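Since the structure comes first, as structure tokens, the remarks are kept for the end.
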Amino acid sequence: MIHRFSRTALVLISALAVGAATLPAHADQDVPAPGTNTVETLIEDMTLENEIVLGKPNGSSPGRQYRGVNAMGNDPRGTNTPGYWRDALVDPDYGDDDLWTAISPWMFIEPTDDNEAVNTRVHIGQIRLNILRKSTNRWHTVQIHSLDGALYPVHLTGNQVEVPSLRRVGNAIEVLPPTKSKDGLYHGWGQLVGYPTWDIKAVHVKVDAKLVVGEESLPDDRDRAQYLIQVGADYYPNKEARVGDAKLQLFDPEDPTNKEAYYSYLPGVGLSRAKLVTNQWRTFNFVTLNEAKAEVAPNKGIDAAELRQNPPPLN
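Going letter by letter, the sequence shown gives residues -27 to -1, 1 to 288 in mature numbering (1 follows the signal peptide of the UniProt record, and there is no 0).
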């Protein structure tokens, strides 16, 4: 993820997020109509600005504040991580040219400071991870999985991880996000899976979401809701790696000898722009698009023209 995390919080993330890769036997029954998601939606989700500018959390990437970014893209190796991350590794091993061999999709729901809803939940379908393989030039659906997750501070640091108010509806979830941006965000994820990353040409992650009434006995205040969703993915050095591992620890450049100041995070495949959740289904996409803002190096993905000719599964 392209954000700074403390060691304590990420040990918990890793413990919650990792599992065996499976494709659920049944898809959601309540899903967007065919055609809701389009190739142009994918491209816009990576090239347009956030629908609302996010408040700048302490230590976050400017890309998260304003628009989506392509970070490691389709080149999952330590030499293709941001220099500020690679140069801060306590153990430089993961900064070398070896391929990273595992991947996990994720998403955020973040309230804006103008959100006034207290009885509105976000209904979110399963998260989907698609990978375009170099060897076949075909998209491979790696994962369709119900979300797990937790509530985090908006800056995603510290150990203040909380269990969300969440109900499962088939394979979907309905989560009650924090009320204001300062109160934090919901961070959900799929599963960490091993993959032949040498064969990755492009990565696509999507979720579908809409607003629903929290409690039917209380007033419907969806018209007062302002919740933003972003989606993305992380590469891991290997399937056994955990974010809190000693080899993924980073030192504070301002206090490099202080082991208590060590922290840990993953630089990320990339993330999408932030879009508002509405009463109607919307699809939120991340794709390693060459026309997107590049966090590390340009052309670590797929051109928009090629994506239009060879799109991933859209619905």
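In this text, a Cβ means the ideal position worked out from N, Cα and C, and glycines have one as well. Since the model is a prediction, treat every value here as computed from it, not as a measurement.
For the stretch 61 to 105, the full-length beta strand (DSSP E) segments reaching 3 residues or more read 75 to 84, 93 to 97 along the chain. Around D193, the same chain offers V186 as residues with beta carbons nearer than 6 Å, after the five sequence neighbours per side are excluded.
Annotation: R281 to V12 spans about 6 Å, alpha carbon to alpha carbon.
Secondary structure at I16: helix, using DSSP grouped into helix, strand and coil. Counting C-beta atoms within 10 angstroms of its own C-beta, N211 has fewer than 16 neighbours from the protein chains shown and is therefore classed as exposed. Each residue's CA atom was taken as its position, placing R94 and W254 some 13 Å apart.
Scanning L184, A219, L201 for the CA closest to the CA of P5 turns up L184. In the structure shown, the three-state DSSP call for S237 is strand. Inter-residue distance for E268 and I117 is about 27 Å (C-alpha atoms, whole angstroms).
With a 10 Å radius around the Cβ and a threshold of 16 neighbouring Cβ atoms, E135 comes out exposed. By the Cβ rule, the stretch 165 to 182 counts as touching the stretch 255 to 263, because three or more pairs are nearer than 8 Å. Residue nearest to A198 within the set V26, D87, A61, L287 is D87 (criterion: CA-CA distance).
Counting only runs of 3 or more residues that sit fully inside the stretch 162 to 240, the beta strand (DSSP E) segments are 173 to 186, 200 to 209, in chain order.
With distances taken between CA atoms, V242 lies nearest to R50 out of A277, V26, R50, Y159.
Ranked by Cα distance from E147, the options A123, L223, A270, I275 are led by A123. With respect to the 8 Å criterion, H160 and Y125 are classified as neighbours on the basis of their beta carbons. Between A145 and K107, the alpha-carbon positions lie close to 32 Å from each other. Membership of L280 in the alpha helix (DSSP H) is indicated by the continuous run 277 to 282.
Leaving aside the five residues that flank L139 on each side, the residues in its chain whose CB is nearer than 6 Å to its CB run, in chain order, I146, V148.
Following the DSSP letters along the chain, one finds G56 inside the alpha helix (DSSP H) bounded by residues 56 to 59. If you check the CB distance, W171 and W79 do not come in under 8 Å. In the structure shown, K266 adopts extended strand secondary structure according to DSSP, grouped into three states.
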